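Take a look at the structure below.
Protein chains in written order, with our numbering: chain A, 7 to 208; chain B, 20 to 234.
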């Protein structure tokens, strides 16, 4: 009995981590709904034809038996252009489903530490913060800075105002400092690129 | 925070994907390689014959049609129902009840103002209670473009998802800390601390609105 609260706490912690992990990956709902609709449509069609056959009614397009004869005799009786095209379409659809099922599907967001809640931050939000810091450091206008945040790297692109030299290492330090301040962990690799051509001062 | 069955999604997607890939590949090979097509026809003929034999053997009494067709129809109905069920469980898990408790009641309870008789009854807090509380608490913040709060089932308990869109350039850690402080105040008010997910999201509205300037 004395270890019960402990175990409850452990379970709550495990549940918390499970939910946090789930937020970082795609649930594949869209592909699942598409796959379910396609499979259901095919089944409904054959169901209809088979039902027609079993109650002795006229068939609609082809009876299941005739479909089999057509399928077994391929490529006889099929359009020489339409068949490869349709096959390619089915192949691509199959590959789409397969890849959706196999690929990890990581979302562009990460977890920030917080002792009360699970905090998720989209990479775009972090990028906006880093861009603001980089542009104040470089003293340029917002349009001159572009930041891309990935899972393991941060790309900072700065177009300097013509005539004013920019120091890449200072911008890099500022961006890294901003990442540390926001407790982004593990720290991604920051690369700063200062483009060759400047823009007219604004 | 929803309860989409992700393992099921991926398993079924792989199975259906493999089937479709195989059929598509087969169609391409049949139409481009004559030798493959000849081999396929030979195989298909053999399979077709054995199936036809089976269908003749299973013909219903007094009829020419086989009862296998009825089995096939039932199987197809089953698959269609499974597919409908599969679609229905996508994104499920939202709940309208935040907390509920049943009080059995008692005879007389001592309180500072004298004995009180409590009646048995149930208390239910709707999902709108925490949702409106969080929304109202965050409404004055100028660094958030929008706030969405929803309540979800999480392992028997209700959990809150607070999705906010901070203005471009707002410091994520500070925003998340301040929201979590708000959550703790609401915890104290409701007397219950549930699982909370705070999601700082980017969207069309953050891109269109003006950037955060002073913080």
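The beta carbon of each residue, even a glycine, is placed where N, CA and C say it ideally should be. Bear in mind the structure is a predicted one, so any value in this text is a computation, not a measurement.
Check: Interface flag, residue 103 (chain B) vs chain A, CB-CB below 8 Å; Outcome: yes
Check: Residue-level contact to chain B via CB, residue 152 (chain A), 8 Å cutoff; Outcome: no
Check: Residue from B:41, B:32, B:60 with nearest C-alpha to residue 43 (chain A); Outcome: B:32
Check: Burial state of residue 17 (chain A), where buried means 16 or more other Cβ atoms lie within 10 Å; Outcome: exposed
Check: Spatially closest choice to residue 179 (chain A) from A:142, A:20, A:59, by CA coordinates; Outcome: A:142
Check: Counterpart residues of residue 185 (chain B) in DSSP-defined beta bridges; Outcome: B:163
Check: Exposure label - residue 88 (chain B); buried when at least 16 CB within 10 Å; Outcome: buried
Check: Residue 89 (chain B), enclosing alpha helix (DSSP H) - first and last residue; Outcome: 87-107
Check: Straight-line Cα distance separating residue 28 (chain A) from residue 23 (chain B); Outcome: 10 Å
Check: Cβ-based burial, residue 83 (chain A) [other Cβ within 10 Å; buried from 16]; Outcome: exposed
Check: Contact set for residue 41 (chain A): own chain, Cβ-Cβ below 7 Å, skip 5 residues either direction; Outcome: 103
Check: Cβ-based burial, residue 80 (chain A) [other Cβ within 10 Å; buried from 16]; Outcome: buried
Check: Residue closest to residue 205 (chain A), alpha-carbon to alpha-carbon, out of A:56, A:112, A:165; Outcome: A:165
Check: Chain-ordered neighbours of residue 185 (chain B) on chain A, where CB pairs are closer than 7 Å; Outcome: 131
Check: Top-ranked residue by Cα proximity to residue 181 (chain B), from B:50, B:27, B:151; Outcome: B:151
Check: Heavy atom of the ligand SAH within 7 Å of residue 151 (chain A) beta-carbon; Outcome: As far as ligands go, the structure on display features none, and thus does not contain the ligand SAH.
Check: Boundaries (first-last residue) of the beta strand (DSSP E) holding residue 211 (chain A); Outcome: The question about residue 211 (chain A) has no answer here: the residues shown for chain A are numbered 7 through 208.
Check: Straight-line gap, residue 39 (chain B) to residue 170 (chain B) (C-alpha atoms, nearest Å); Outcome: 38 Å
Check: Option nearest residue 30 (chain B) by Cα separation, candidates A:114, A:59, A:67, A:33; Outcome: A:33
Check: Those residues which DSSP pairs with residue 119 (chain B) across a bridge; Outcome: B:143
Check: Below-8 Å beta-carbon distance, residue 99 (chain A) vs any chain B residue; Outcome: yes
Check: Residues near residue 201 (chain A) by beta carbon distance below 8 Å, same chain, minus five either side; Outcome: 163, 164, 165, 166
Check: Which residues DSSP lists as bridging residue 172 (chain B), in chain order; Outcome: B:177
Check: Residue 45 (chain B) - containing beta strand (DSSP E), residue span; Outcome: Unbroken run through residue 45 (chain B) is the alpha helix (DSSP H), 25-51; no beta strand (DSSP E).
Check: Element boundaries [beta strand (DSSP E), containing residue 199 (chain A)]; Outcome: 195-200
Check: Cutoff 8 Å: residue 168 (chain B) Cβ touching any chain A Cβ; Outcome: no
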